[in-house]
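Undergrad: Going line by line, the protein sequences match chains A and B.
Residues 1 to 935 in our numbering are what the first sequence lists, from first letter to last.
Residues 936 to 997 in our numbering are what the second sequence lists, from first letter to last.
The structure that follows is given in the form of structure tokens.
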Amino acid sequence: MSLSGKPGAFKAELNLRPRYIDPDRCTACGLCTTYCPKHLVDTYNEGLSVTRPIHIDYPQAVPATYYIDPATCLSLLHDTCQICVPVCRSNAIDFTQKSKKRTLEVGAVILSPGFGRVPDEALTQYNYGNHPDIVTSIEFERLLNPSGPFEGEVRCLSDRRHPRKIAFIQCVGSRDLGCDNGYCSSVCCMYAIKEAMVAKEHDPDCEITIYYMDMRTQGKDFDAARVRAEEHYGIKFVRAKVADVMPWGKNLKLTYSTLSGEHHFEAYDMVVLSVGLDAPASAKQLAEITGIELNKYDFCKTTTFDPLASSQKGIFVAGAFQGPKDIPESVTQSSAAAGIASSLIKAQRGKGVVVKSYPVEKEMAADEEPRIGVFVCHCGINIGGVVDVPRVDKYIEGMEGVVFHAESLYSCSQDAQEVIKNKIKEHNLNRVVIAACSPRTHEPLFQETLKDAGLNRSLFEMVNIRDQCSWVHANEPAEATRKSMDLIRMGIAKARHIQPLQEQTVPVTRKALVIGGGVAGMIAALNLAEQGYHASLVEKTDSLGGHLKNQRYTLNGDKTADYLKKIVDQVTKHKLIDVSLSSSIVAVNGFVGNFSSVIQSTGKGKSAVEQTIDHGIIVVATGGQDHAPETVLGQALPKSPLIITQTDLEIRLDGKTKNRAPKAVVMIQCAGSRGDDLAYCSKTCCTQAVKNALKIKEIDPESQVIVLYRDLRTYGYAEDSYREAREKGVIFIPYSMDDKPVFKATAKKVEISFNDPILQEKVTMEPELMVLSVGIVPQDTEELSKILKIPVNADRFYLEAHVKLRPVEMPVAGVFLCGLAHSPKPLEEIIVQAQAAAAKAAIPLVRGEVNVEPIVSHVDQETCIGCSLCTSLCPYQAIQMVKVDNKRKAETIMASCKACGICAAHCPTFAISMGGFTNEQITSQIEAFGQAGEE
Amino acid sequence: MASAKQTKSGTVMVVGGGVAGVQAALDLTELGYYVYLVEKSPAIGGAMAQLDKTFPTNDCSL
């Protein structure tokens, strides 16, 4: 690969390696693999099983095309064998394929090469490689997996026994200067807990212990899962450093030392090494090709204020290559990178896109007689090897409405698609039934075929005789054949009643409303404006900046005030952004693409003014603030000027006074969090404490700084600062919930007693200051959650649509979320999340219309009794009550409907039907089931 | 990979087809750009395709 050019006009040269299989012909039937005589270690299963040189990594792989490993294939190595060629019934194997060069002209580049493996020495220090039952966490992941080496049974690799005792060792290849990985990988604590819980589900009697230094479950709702692991699943958490793992008879002997320096050992059947994320193996090569700079750990170098920009303009980064991170953060970064790349080349928008055109749809009269065509698929031997397809095909003959039927070897193959199109025209078909695999994977393909043939895509019914028949009844061919007949008879019965459904679109007002003028709201508004869309930014207080106004500097020493001033300037000067200060949203009407909101503004001494604006989308960025705890470590908090918050300390340290650094200070982490007033971890406080501790040491190296903590959660690169703080003499002392620090304070004196686990004695101190890490609470979310009908979680933060895969979207279509209103997080993550929310919000604005799936619900208002049960049950706020002739009636908001069918299932008068799943259609299907026809 | 109309613009190259690359590619197409998704292995999905369930909800990963 090579890359040249500049932003807007890059030129990339690629080398495309051959698969030796034609993807248009391969049907992923798997026959070739069963005949291939050569073995190959299965890398998808981490080498725990074998596969063949001609194979697919896993059945759900995309593209669903097999490939040949050139390093082991006998034909490619020695020009022999080729057994697979005649075996393949669709003639997909092509040994003549060669590498191809390809040149691409692109406007921007996004690098997302992922992460690499930690160095071997990180593993061998625990004897990995010297005993089969010492495994990595990725190997363990495969052991747990139903598609893994033992089909989901956890077994020791040594003798296939079920392990009774399993130990996890954390921080393998992370927080370890021995292998040059000083950072925390930020994911291992979570996946170790997950793997332990899943292993417990497999075998509840299995004993599992996790050995850790700090349990870093700082993400949203992560601590709750950790508590569940301990209390509900009985997983043991031991804070200790593992010294070594040695083979010990059939077992493994694990030696560990606790904080107090005592050594213990314990026997295990299996030891899992929780390996960290390293920079991708290709990092240096990528840097050479693209000219981007790497950081000292070989991840992409970026900055706090512009987290996804590489050092080369027009080249962006997303995912683990930006720094170790989990799935939701990777997905968030990807959306954000897409958005900023889009802003950069917005003049080119739409120019590279190929729009497919279809023939005009055939008109169909409502009473037109059904002319049904049925195709029964063999799917190679997948169906045909079990089900007697010719007999099934013969069975269809003469069924009501059927004018054509045929067998098909692979109905999804390109040539079969042509056959279907021709038969539609030849026999003037107006319904098509395909009995094959699952609609989940293939319905869109066949619907496309119908559209190509000029038929409405809803005139299609799919019958699943593979996944739900030939596969599950592989050993009962006669019954499977009968079941296929039943299923097809039912499908045809339904097909007689299906009607064309029109695809509808709803126009979009190409404007945005952003609620909240903190850094999240401002970045979202700026990004939307950069993409070319007008944004109304509404801020409750009389100035922009939100929570960031309280910050002074970042962990790297960058001044946050300068950054804030810069973006406030950009926002206020941008022609496409309207700022309303001292304003709030009092009403929101409408739905995605067509919102209308009332903004109420109050000026000093003036009466409130209301204005109504129209907009297509909403970004919620209402922010958060420091928590003001009432109880700390279970004690009521005394009032004293000597007890301050980390934010107070930060402001003081940023000042000019000579004695701004206290001579002696005790910081208390989780003050009010993780069990006191707040149940959750605020993610930012540990890093803030380390930041302020370092600042104190910078001002006065003689200062005594003690940090009392539960788990020090300086994840990612902040771990470097934690190490630096320890090196500079900051003392970190963990406390446990059984033995919490105790404090007393008056206006002149503060006294703290705590247990020092290293000295193993009580220590009492009278520091100059006691500093509380108080955590972050959301700004009021209650009112807006009612107005927008969006959910909040138990901690009063807004709840996104899907924690992993839709992290910045709300369940209500057209509403997006970012910043502290989502959960506590540091500045860099807020910026990325705001960029991501803006990118997602821009999608309907770019398209200018919202597509409505034709399968949405429909209310028959004649039958509707206006009980509004459907309105209260709809999870997407997609049904509203309207007045028709002065009577209350339900009405579907089609643009918001997701066609889940909850409303139709609950309607007491059957007034609601689902497009493509009407009562008539389903009833006729059920009736057909009871009418087994003669063969 | 289908070929784009031979204009020299309106396209973005995404290098790496794990969950991050796939998400970036999907969002870019929705934002009106043609995307070249470049992946070194024979399938997209990256490391996430090796996982069974995901933390903390234990949702299926595939």
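Beta carbons are placed, not taken as given, at the ideal position from N, Cα and C, and that holds for glycine.
Taking only beta-carbon positions, decide if F222(A) is within less than 8 angstroms of chain B.
TA: Counting from 1 along the first sequence, the entry for residue 222(A) is found at position 222. At least one chain B Cβ lies under 8 angstroms of F222(A).
Undergrad: Mapping the DSSP letters down to three states, classify T560(A) as helix, strand or coil.
TA: On the first sequence, position 560 is the one that residue 560(A) refers to. Looking at T560(A) - three-state DSSP - the assignment turns out to be helix.
Undergrad: Whose C-beta lies closer than 6 angstroms to the C-beta of E207(A) among residues of the same chain, with five residues either side of it excluded?
TA: Your numbering for residue 207(A) matches position 207 in the first sequence. Excluding sequence neighbours, E207(A) sits near K165.
Undergrad: Would you mind stating whether S99(A) and P18(A) have Cβ atoms separated by less than 8 angstroms?
TA: The residue you call residue 99(A) lines up with position 99 of the first sequence. The residue you call residue 18(A) lines up with position 18 of the first sequence. For S99(A) and P18(A), yes; Cβs fall inside 8 angstroms.
Undergrad: With DSSP collapsed to three states, give me the class of T258(A).
TA: Counting from 1 along the first sequence, the entry for residue 258(A) is found at position 258. DSSP places T258(A) in strand when its eight states are reduced to three.
Undergrad: Count the other CB atoms, across all protein chains shown, that sit within 10 Å of the CB of P507(A); report buried if there are 16 or more and exposed otherwise.
TA: Along the first sequence, one-based indexing puts residue 507(A) at 507. By the neighbour-count rule (16 or more Cβ atoms within 10 Å), P507(A) is not buried but exposed.
Undergrad: When DSSP builds the beta bridges, which residues end up paired with H615(A)?
TA: Taking the first sequence and counting its residues from 1, the one referred to as residue 615(A) is at position 615. F595(A), per the DSSP bridge assignment.
Undergrad: How about Q322(A) and T290(A): are their beta carbons less than 8 angstroms apart?
TA: For the purposes of this step, residue 322(A) is identified with residue 322 of the first sequence, where counting begins at 1. For the purposes of this step, residue 290(A) is identified with residue 290 of the first sequence, where counting begins at 1. The answer is no: Cβ separation not under 8 angstroms.
Undergrad: My understanding is that G107(A) touches V947(B), with C-beta atoms under 8 angstroms, so please give their C-beta distance in whole angstroms.
TA: Your numbering for residue 107(A) matches position 107 in the first sequence. Your numbering for residue 947(B) matches position 12 in the second sequence. Yes, they are in contact, since the Cβ atoms of G107(A) and V947(B) sit about 6 angstroms apart, within 8 angstroms.
Undergrad: Run through DSSP, which three-state label would P119(A) get?
TA: As a first step, residue 119(A) must be located in the first sequence, where it is residue number 119. If DSSP states are grouped into helix, strand and coil, P119(A) belongs with coil.
Undergrad: Report buried or exposed for T560(A), applying the criterion of at least 16 other Cβ atoms within 10 angstroms of its Cβ.
TA: On the first sequence, residue 560(A) is found 560 positions in, with the first residue counted as 1. Buried, by the Cβ-count rule.
Undergrad: Restricting to Cα atoms, I'd like to know which of Q414(A), E426(A) and A122(A) is closest to F446(A).
TA: The residue you call residue 446(A) lines up with position 446 of the first sequence. Taking only the C-alpha atoms, the option nearest F446(A) is Q414(A).
Undergrad: Give the secondary structure of S872(A) by DSSP, where H, G and I count as helix, E and B as strand, and everything else as coil.
TA: Taking the first sequence and counting its residues from 1, one reaches residue 872(A) at position 872. Correct three-state label for S872(A): helix.
Undergrad: So is R226(A) buried or exposed if we call it buried at 16+ other beta carbons inside 10 Å?
TA: Counting from one through the first sequence, the residue named residue 226(A) turns up at place 226. Buried is the call here.
Undergrad: Nearest by alpha-carbon distance to K975(B): which of A281(A), E853(A) and Y798(A) is it?
TA: Taking the second sequence and counting its residues from 1, the one referred to as residue 975(B) is at position 40. Out of A281(A), E853(A) and Y798(A), A281(A) has the C-alpha closest to the C-alpha of K975(B).
Undergrad: Closer than 8 angstroms by C-beta to G279(A): which residues in its own chain qualify, once you throw out the five before and the five after it? Chain order, please.
TA: Residue 279(A) sits at position 279 when you count from the first residue of the first sequence. A small correction: the amino acid at residue 279(A) is Ala; Gly does not occupy that position in the sequence shown. F115, G116, L294, Y297, D298, F299 and F321.
Undergrad: At 4 residues or longer, what runs of the alpha helix (DSSP H) sit wholly inside the region 219–270 of chain A?
TA: Whole alpha helix (DSSP H) segments, 4+ residues: 222–231.
Undergrad: Which one of K241(A), A474(A) and V588(A) has the shortest CA to CA distance from E610(A)?
TA: Position 610 of the first sequence holds residue 610(A). For E610(A), the nearest C-alpha among the options comes from V588(A).
Undergrad: Would you call the region 792–811 of chain A and the region 324–336 of chain A in contact, with 3 or more CB pairs under 8 angstroms?
TA: They touch, by the three-pair rule.
Undergrad: State yes or no: is the beta carbon of Q931(A) nearer than 8 angstroms to at least one beta carbon in chain B?
TA: Mapped onto the first sequence, residue 931(A) falls at position 931. Chain B contact via Cβ: absent.
Undergrad: Give me the Cα-Cα distance between G314(A) and L111(A), rounded to the nearest whole angstrom.
TA: The count along the first sequence starts at 1 and reaches residue 314(A) at position 314. The count along the first sequence starts at 1 and reaches residue 111(A) at position 111. So the two alpha carbons sit approximately 11 angstroms from each other.
Undergrad: Using the rule of at least 16 other Cβ atoms within 10 Å of the residue's Cβ for burial, across every protein chain shown, is I758(A) buried or exposed?
TA: Along the first sequence, one-based indexing puts residue 758(A) at 758. Exposed is the call here.
Undergrad: At the level of alpha carbons, what is the spacing between G624(A) and A747(A)?
TA: In the first sequence, residue 624(A) corresponds to position 624, counting from 1. In the first sequence, residue 747(A) corresponds to position 747, counting from 1. Approximately 30 angstroms, taken between the alpha carbons.
Undergrad: Would you check if the distance between the CB atom of Y941(A) and the CB atom of M485(A) is smaller than 8 angstroms?
TA: In the structure displayed, chain A extends from 1 to 935; residue 941(A) sits before or after that span and is not available.
Undergrad: Just by C-beta distance, which residues in the region 855–867 of chain A are closer than 9 angstroms to chain B?
TA: Answer in chain order: no residues at all.
Undergrad: How is N851(A) classed by DSSP in three states: helix, strand or coil?
TA: Taking the first sequence and counting its residues from 1, one reaches residue 851(A) at position 851. It is a strand residue.
Undergrad: Would P59(A) be called buried (16 or more neighbouring beta carbons within 10 Å of its own) or exposed?
TA: Residue mapping note: residue 59(A) aligns to position 59 of the first sequence, counting from 1. Exposed, because fewer than 16 other Cβ atoms sit within 10 Å of the Cβ of P59(A).
Undergrad: What runs of the beta strand (DSSP E), each 3 residues or longer, lie entirely inside the region 429–456 of chain A?
TA: Taking only runs of at least 3 residues, the beta strand (DSSP E) segments lying wholly in the region 429–456 of chain A are 431–436.
Undergrad: Listed from N- to C-terminal order along the chain, which residues in the region 136–163 of chain A have their beta-carbon within a distance smaller than 9 angstroms of any beta-carbon of chain B?
TA: For the region 136–163 of chain A, which is checked against every Cβ of chain B, the residues closer than 9 angstroms are I138, E141, R142, L144, N145, P146, S147, G148 and G152.
Undergrad: From K789(A) to G590(A), what distance separates their C-alpha atoms?
TA: Mapped onto the first sequence, residue 789(A) falls at position 789. Mapped onto the first sequence, residue 590(A) falls at position 590. Each residue's Cα considered, the two are about 12 angstroms apart.
Undergrad: Using the Cβ count rule (16 or more neighbours within 10 Å means buried), how would you classify L277(A)?
TA: Residue numbering aside, residue 277(A) sits at position 277 when the first sequence is read from its first letter. L277(A) should be labelled buried.
Undergrad: Determine the DSSP secondary structure at D542(A), reduced to helix, strand or coil.
TA: Taking the first residue of the first sequence as position 1, residue 542(A) is located at position 542. If DSSP states are grouped into helix, strand and coil, D542(A) belongs with coil.
Undergrad: Quick one: does Y44(A) have its CB under 8 angstroms from some CB of chain B?
TA: Here the question's residue 44(A) lines up with position 44 in the first sequence. Yes, because at least one Cβ of chain B sits closer than 8 angstroms to the Cβ of Y44(A).
Undergrad: Rounding to the nearest angstrom, what Cα-Cα distance links A243(A) and I169(A) in this structure?
TA: The count along the first sequence starts at 1 and reaches residue 243(A) at position 243. The count along the first sequence starts at 1 and reaches residue 169(A) at position 169. Going from the Cα of A243(A) to the Cα of I169(A) covers about 10 angstroms.
Undergrad: With 8 angstroms as the threshold, decide whether the Cβ of Q218(A) is near any Cβ in chain D.
TA: Here chain D cannot be found, since the structure's protein chains are A and B.
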